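Mapping of the sequence shown onto the working numbering: residues 1317 to 1518, in sequence order.
We put the CB at the ideal spot given by N, CA and C, even for glycine.
Every value quoted in this text rests on a predicted model; they were computed, and no experiment measured them.
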Amino acid sequence: MTQQRIIHHFTIPAKQGRSFTLKKGQTVKVIDADGQQVADFVAYHANHLQERLDPGVTMDALRTMNVRPHDVLYSNMYRPMLTVLEDTVGKHDLLNPACRPEMYGFLYNKPEHESCYHNLNTALAEFGIPQPDQHYSFNMFMNTVIDDSGRIQVKTPLSAAGDYMMLRAEMDLIAAISACPCEESNCNGYHCTPIRVEIGER
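(1) Please report the distance separating the alpha-carbon of His1429 from that of Leu1411.
(2) Taking just the CA atoms, how far does Thr1399 sit from Met1482?
(3) The alpha helix (DSSP H) spanning Met1419 covers which residue range?
(4) Helix, strand or coil: how does DSSP classify Asp1463 here?
(5) Evaluate Gly1333 with the Cβ neighbour count: other Cβ atoms within 10 Å of its Cβ, from every protein chain shown; 16 or more gives buried, anything less gives exposed.
(6) Quick one: what's Asn1455 bridged to in DSSP?
(7) DSSP three-state call for Ala1362: helix, strand or coil?
(8) Just list the residues that DSSP pairs Ile1490 with in beta bridges.
(9) Closer than 7 angstroms by C-beta to Leu1401: which residues in its own chain qualify, once you throw out the five before and the five after it? Chain order, please.
(10) Put Leu1389 into one of helix, strand or coil per three-state DSSP.
(11) Taking the Cβ atom as the reference point for each residue, do Pro1510 and Pro1329 lie within a distance shorter than 8 angstroms?
(12) Any chance the stretch 1353-1367 sits against the stretch 1376-1383, with 3 or more Cβ pairs inside 8 angstroms?
(13) For Ile1323, which residues of its own chain have a beta-carbon under 7 angstroms away from its beta-carbon, when the five flanking residues on both sides are left out?
(14) Which residues bound the beta strand (DSSP E) around His1324?
(15) To the nearest angstrom, how far is the alpha carbon of Thr1327 from that of Ala1377?
(16) Straight-line CA distance for Tyr1424 to Arg1416?
(17) Since Ser1335 and Leu1489 should fall inside the 8 angstroms C-beta cutoff, what is the C-beta to C-beta distance between them, to a whole number of angstroms?
(18) Does DSSP put Gly1351 in a helix, a strand or coil?
(19) Whole angstroms is fine: what's the gap from Gly1341's alpha carbon to Phe1422's?
(20) Enumerate in chain order the residues of its own chain whose CB-to-CB distance from Asp1350 is below 8 angstroms, with the five nearest sequence positions on each side excluded.
(21) Helix, strand or coil, according to DSSP, for Tyr1394 in the structure here?
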């Protein structure tokens, strides 16, 4: 288990988002407080906002859709951004973009629904990061399953209360997390709950 000194901690209420900074070498522990809750995670190079965490590049570099401890999450410039130190779940998602109002309108006829897109935009505005056309997030605890025919399904997360993922920053970062607000599917077990975050130093 990674030893760390917690220097900051906070709780992201259900259906909301929060931004924060990480210095190179610091850790972030993302904890599923009550279980079965997806946390959409994005990150930007603190001194070069055009460089951001890129799930597609990460899959290309790792040659897998499943990240494990010691794996690296890469930026759109193919540089290491974060390293996975610990993971008590083992099932996360690199495929799906952040949910957005248009998605809720398309799938559930709820175009005014809260969304990870809005949560992340609001959280990152604190740092002057402009709203992108879409957030391509690393979706912690999201249980995406692809069957032999290529059909993609989002099933109930495997995370239980207290499960977590810990990452180490490989560069100075601005990051944000949205506690996904989708209660219309089993993405969050049909019930949204908080995410806890601990920032640490080793």
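Looking at the atomic coordinates:
(1) In the sequence shown, residue 1429 corresponds to position 113, counting from 1. In the sequence shown, residue 1411 corresponds to position 95, counting from 1. Across the structure, His1429 and Leu1411 are spaced so that their CA atoms are roughly 22 angstroms apart.
(2) Here residue 1482 corresponds to residue number 166 of the sequence shown, with the count starting at 1. Here residue 1399 corresponds to residue number 83 of the sequence shown, with the count starting at 1. Just so you know, the alpha carbons of Met1482 and Thr1399 end up roughly 9 angstroms apart.
(3) The sequence position of residue 1419 within the sequence shown is 103, counting from 1. Per DSSP, Met1419 belongs to the alpha helix (DSSP H) from Pro1417 to Tyr1424.
(4) Residue mapping note: residue 1463 aligns to position 147 of the sequence shown, counting from 1. DSSP places Asp1463 in coil when its eight states are reduced to three.
(5) Here residue 1333 is taken as the residue at index 17 of the sequence shown, counted from 1. Its Cβ being crowded by 16 or more others within 10 Å, Gly1333 is buried.
(6) If you number the sequence shown from 1, residue 1455 lands on position 139. Asn1455 has Asp1356 and Asp1409 as its beta-bridge partners, per DSSP.
(7) Taking the sequence shown and counting its residues from 1, one reaches residue 1362 at position 46. Ala1362 falls in the coil class under three-state DSSP.
(8) On the sequence shown, residue 1490 is found 174 positions in, with the first residue counted as 1. DSSP lists Thr1337 and Tyr1360 as the bridge partner or partners of Ile1490.
(9) Translated into positions along the sequence shown, residue 1401 becomes position 85. Excluding residues up to 5 positions away in sequence, Thr1318, Thr1343, Pro1385, Met1482, Leu1483 and Arg1484 lie with their Cβ nearer than 7 angstroms to the Cβ of Leu1401 in the same chain.
(10) Taking the sequence shown and counting its residues from 1, the one referred to as residue 1389 is at position 73. Of the three classes helix, strand and coil, the one that applies to Leu1389 here is strand, per DSSP.
(11) For the purposes of this step, residue 1510 is identified with residue 194 of the sequence shown, where counting begins at 1. For the purposes of this step, residue 1329 is identified with residue 13 of the sequence shown, where counting begins at 1. Yes.
(12) In this structure the stretch 1353-1367 does not touch the stretch 1376-1383; the number of beta carbon pairs closer than 8 angstroms is below three.
(13) Residue 1323 sits at position 7 when you count from the first residue of the sequence shown. The residues are Ile1515, Gly1516 and Glu1517.
(14) As a position in the sequence shown, residue 1324 is number 8, starting the count at 1. Following the DSSP letters along the chain, one finds His1324 inside the beta strand (DSSP E) bounded by residues Arg1321 to Ile1328.
(15) The sequence position of residue 1327 within the sequence shown is 11, counting from 1. The sequence position of residue 1377 within the sequence shown is 61, counting from 1. About 32 angstroms.
(16) What you label residue 1424 is simply residue 108 of the sequence shown in a count that begins at 1. What you label residue 1416 is simply residue 100 of the sequence shown in a count that begins at 1. Our two residues, Tyr1424 and Arg1416, have alpha carbons roughly 12 angstroms apart in a direct line.
(17) Reading the sequence shown from its first residue, position 19 is the one you call residue 1335. Reading the sequence shown from its first residue, position 173 is the one you call residue 1489. The C-beta distance from Ser1335 to Leu1489 rounds to 10 angstroms, too long to fall under 8 angstroms, and the pair is not in contact.
(18) Counting from one through the sequence shown, the residue named residue 1351 turns up at place 35. When secondary structure is reduced to three states using DSSP, Gly1351 falls in the strand class.
(19) Residue numbering aside, residue 1341 sits at position 25 when the sequence shown is read from its first letter. Residue numbering aside, residue 1422 sits at position 106 when the sequence shown is read from its first letter. Approximately 41 angstroms between the Cα atoms of the pair.
(20) Counting from one through the sequence shown, the residue named residue 1350 turns up at place 34. Within the same chain, Asp1350 has close Cβ partners Ala1477, Thr1509 and Pro1510.
(21) On the sequence shown, position 78 is the one that residue 1394 refers to. Shown here, Tyr1394 sits in coil according to DSSP, grouped into three states, outside any helix or strand.
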